[in-house]
Amino acid sequence: MACESALPAIMDEQALMGLNPNADACYRQRALVYFEQLKESLDGWEVCAEALAKGFYSDDHVKFFCFQVLEHQIKFRHESLTAAQQQLIRETLMKWLQAQLMNVHPEKPFIRNKAAQVLALTFVMEFLTLWPKFFFDILNLVGLNSNGVDIYLRTLMAIDAEVVDRDILHSSEETRRNILIKDTMREQCIPALVESWFQILQTYQHTHSELTCQCLEVVGAYVSWIDLNLIANDRFVNLLLSHMSIEELREEACDCLFEIINKGMEPVDKTKLVETLCQVLQSAGFFNIEQEEDVDFLAKFSRLVNGMGQSLVLSWTKLSKMADVKVSAETLRAVEGKIPLMLQLLIHEDDDISANIVGFCYDYLLVLKQLPALSEQQKTNVEAIMLAVMNKLKYDDEYNFENEGEDEAMFVEYRKQLKMLLDRLAQVSPELLLEAVHRVFNATMQNWQTVQFMEVEVAIRLLYMLGEALPASHGAHFSGDTTKTSTLQSMMRTLVSCGVSEYQHSSVTLEFFETVVRYDTFFLVEPQHIPSVLMAFLDHRGLRHSSPKVRSRVAYLFSRFIKTLHKHMNAFIEDILSRIQDLLELAPPENGFPALLSSDDQLFVFETAGVLIVNGESPAERKQALMRSLLTPLMEAFHMLLAKLPQEADEERQAVLADCLSHAVGFASRTSKAFSNKQTVKQCGCSEVYLDCLQTFLPALSCPIQRGPLRSAVRSFLHRMIICLEEEVLPFIPAASQHMLKDCEPRDLQEFIPLISQITAKFKNQVSPFLQEIFMPLVMAIFEVLSRPAEENDQTAALEKQMLRRSYFSFIQTIASSGMNEVMASQGAENIERVLFTIIQGAVDFPDPVAQKTCFIILSRLVELWGGKDGLVGFPDFIYKHIVPACFMAPLKPTFDLSDAQTVLTLSECTLTLHMIHLKRGLECIQFLQEYLPSLQVSPEITQELCQVLQQPDVKVLKNYMKVFFQQAKL
């Protein structure tokens, strides 16, 4: 709130007490109000300026507060300040800065940072106009005073954030201003700034490491856009290199050198710079990695080497394109010269150091891939990288498999980077990779009982990774190239027969099953191994493993294995089903014991059971009996739990029971995934058992409690049954729909509409009587939900309504496009009109291009159905009163954004609607437009032009014309 400008020269002391985080709420509230007063006042901020300039307050919170008030004036009010007030801000900042020079104890960092931000904001506002000597004034004032230098360096970093930082979004005006600031700085003051940095680094390198590091950070930030010769010279580089030998400075010096290397330059100059730096670093002993114990420094050094390597590769790429053979060969030699150092860093036991060099390694392999042939040395390099990757893929002893935290997540990410290297190695030399993996794999599998788990895991992992590194069409790894095929086949044979599935570590177990499933086509070639692998899936190694994580993953992998090899399962079906029988039980809510598998995992087991039964070779009666024995326990449990649910008073228990009921329906639904259509269900004699399920589950729709989860589960089951049972489902639909439309929430309706749309699209005229009956109750239920009041800021409710509106329009579109116009036509004139108005409203009033597009598709279809001579009585009037105006009103809305792709699609449908009206109504439509368009202030010439374009047959021409028409109209 604004307040009168004549504030007293002293500050409200009681309000200031509220700035302390530990103050009472009433004081804190008063401080907030006071802050707003000072911000909004025309000159109230001046008391804060005076307090800062004269150092009235020692309380840090008050000082911070004063800077905040000043910051607000500079940021939002600068242009409206008088020249005297702007001068006052400059003087205040310089006086405050001068006071810092004499402080024995510097201000807290948060005060210094805020002061730097305010100085930077003032610089941005005034450097080009009022304060061109900004830097010279500050440098003259602070000299080499440590407190002053600290503020100066913080201000430079704050200016970098305001003017240079690419991660911060700027308006086009701010971007232009920032470019001008940088150009002016380059012309007027950068050499002086660079000289000041040199002096600061030289003065404080041995006495004040914090200031020196700050200065190195500034150099690193500014080097990307200033003249590199100011920094990349003997004087400066030698100083930076000397910092590399000072423990407190070396990491920051590394970062600074990295930024220098990263600067955009011509390829020849860049190569020269990198080579010079490398020679100096090498002669100073920095390449002797094994003698360095400081892993934090080595991680920074690895990043620097990575930057140098990638810069050289980039120079080589540019020079190769320029066909400069001699210089590009020299650059390639420079790249190759860094490979021994790269390998040392890649194989380092610390993963951060290794990860930081992966980029260079990856780029180097890309270079090799482009060469016509590899030299012996390059082949040696490839093998060395390969061995390094294989080594670094291994888990270490500390990895916590049962409770994976941040360290474990970082290793997983690092492993992904190594996988990219492995894939790239496969592109450079697939034969070498295959041979190396084969060698490691065989050696490990021969002695798996005596080898550590990480060695065994990585050996199997490498076999697994070959599947992506050496791609095969549709997973056909065991046909085609004989070397690859026989090697992979040999490794798979070893994997499944050497007994390694018994290894007592979850990581090895998981890798075993993952690899078996990745190469499941191996068992089509050598089916004799199927029984032993099946046993591994079914016993303590797989579904009965002691680790829940392993059991969960195996449930999914087993379903994939069975789906691929179902034709080879006939001899084992009944044995498998009996072995997994206890895993197919619905876990009762009363049971306090944790189940072996979660309900999500059980879904895969039920699907597996369904696939085994359906794809077996036994007669239909046997399949029917097996499917019934699978589904009957679910139906019995469902029946019992549903009877219990209404008697349960406790809400938590109700939710548990509803969950259990939903799982039962979900499991039954999942077994049907084995069927592709009604034909396969009939062939297996399973229609009857699914109809029984339907009759068992449908009563849940009328259960008065826990409606949401129960309706959702039954609805999903109905979707599946429409596919599996087709018209046999139809007798159940009317009653089910009636229940689902009672007391609806937006989400219920939104999920119900796709079910009705599925039925409409599939059965068309067969369900016409039903649709005619349900059409208005459904529409009325939608209208009722949409008309419910909601909080203005309730984003969730607004989104739910938008999605429901889209579903409603999709439903009308399904009916219109299924040729079932009688469904709407039979609803009576008043109801038809009501529905039509909602479609017009959807096309014009709601700024939702997805819904608008659907509405125009509906309108176009209705014009096609009812707009001719034998159409619906009164519809031609509706066309001219509402549809034609909608075709112009919608695109003219300010929210109709023609630069948005989805909106352009809407305009296309809108144009097709106009085209359809002309097709159906002919000259009458043209005459109407000639009268209507002038009312929209369209000139007679444009009106005539539009009518001519509408009459020619090419719709594409009309679409292009209408887009330009509306673009012009919106100017």
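Add 90 to the 1-based position in the sequence shown for this note's numbering, that's all there is to it.
For every residue, glycine included, the Cβ atom is placed at its ideal position computed from N, Cα and C.
Alpha carbon of residue i to alpha carbon of residue j, nearest angstrom
i: ASN705; j: GLY1012; result: 59 Å
i: MET480; j: LEU585; result: 18 Å
i: SER314; j: ILE269; result: 14 Å
i: GLU726; j: HIS635; result: 29 Å
i: LEU330; j: ILE241; result: 22 Å
i: GLN1020; j: GLU881; result: 45 Å
i: ILE864; j: ASP691; result: 38 Å
i: LEU556; j: LEU512; result: 9 Å
i: LEU800; j: LYS772; result: 28 Å
i: ALA825; j: SER858; result: 16 Å
i: ALA626; j: VAL606; result: 11 Å
i: GLU547; j: CYS783; result: 45 Å
i: MET1052; j: VAL1039; result: 9 Å
i: ASN904; j: LYS1046; result: The identity of residue 904 in the sequence shown is Thr, whereas the question assumes Asn. Cα to Cα, the separation comes out at about 26 Å.
i: ALA99; j: LYS129; result: With a pLDDT of 48 at ALA99, under the threshold of 50, the modelled position of that residue is not reliable, and the figure given next carries that caveat. Approximately 15 Å, taken between the alpha carbons.
i: VAL974; j: SER897; result: 24 Å
i: MET544; j: ALA645; result: 24 Å
i: GLU94; j: ALA389; result: With a pLDDT of 35 at GLU94, under the threshold of 50, the modelled position of this residue cannot be trusted; read the value that follows with caution. C-alpha separation (whole angstroms): 58 Å.
i: GLU140; j: GLU285; result: 34 Å
i: LEU667; j: ASN767; result: 24 Å
i: LEU246; j: GLY932; result: 54 Å
i: GLN517; j: THR407; result: 18 Å
Outcome for residue i when other beta-carbon atoms lying within 10 angstroms are tallied against a minimum of 16
i: MET659; result: buried
i: GLU496; result: exposed
i: THR886; result: exposed
i: ALA919; result: exposed
i: ASP317; result: exposed
i: ILE795; result: exposed
i: THR534; result: buried
i: PRO966; result: buried
i: ASN446; result: buried
i: GLN1057; result: exposed
i: PRO357; result: buried
i: SER465; result: exposed
Cβ shell of residue i (< 8 Å), same chain only, five flanking positions each side left out
i: VAL403; result: VAL425, PHE450, ASP453, TYR454, LEU456, VAL457
Check whether residue i and residue j have beta carbons under 7 Å apart
i: LYS943; j: THR985; result: no
i: ILE1032; j: ILE1007; result: no
i: LEU831; j: ALA790; result: no
i: SER392; j: GLU338; result: no
i: LEU306; j: ALA282; result: no
i: THR1003; j: SER916; result: no
i: LEU731; j: LEU716; result: no
i: LEU687; j: ARG641; result: yes
i: THR212; j: ILE164; result: yes
i: ILE550; j: GLU616; result: no
i: HIS162; j: LEU109; result: no
i: ASN883; j: LEU955; result: no
i: THR599; j: SER649; result: no
i: ARG760; j: PHE807; result: no
i: PHE899; j: CYS834; result: no
i: ALA478; j: LEU522; result: no
i: CYS248; j: ALA206; result: First, the amino acid is wrong: residue 248 is Ala here, not Cys. Yes; because the gap between Cβ atoms is below 7 Å, this pair is in contact.
Chain-order list of residues whose beta-carbon lies under 7 Å from that of residue i (same chain, five-residue window excluded)
i: LYS1062; result: Look at the range of the chain in this structure, 91 to 1061, and you will see that residue 1062 is not part of it.
i: PHE612; result: PHE568, GLN579, MET582
i: HIS729; result: THR786
i: ALA710; result: GLN773, CYS774, GLY775
i: ILE849; result: ILE812, ILE823, VAL857
i: MET91; result: With a pLDDT of only 33 at MET91, under the threshold of 50, the placement of this residue in the model should not be trusted; the figure read from the coordinates follows. These residues qualify, in order along the chain: GLU126, GLU130.
i: GLY310; result: ASP345, CYS346, GLU349
Contacts around residue i, its chain only, beta-carbon distance under 6 Å, and the 5 residues preceding and following it disregarded
i: PRO939; result: GLN992, THR993, THR996
i: TYR294; result: LEU301, THR302
i: ILE228; result: TYR242
i: LEU234; result: THR293
i: ILE930; result: HIS972, ALA976
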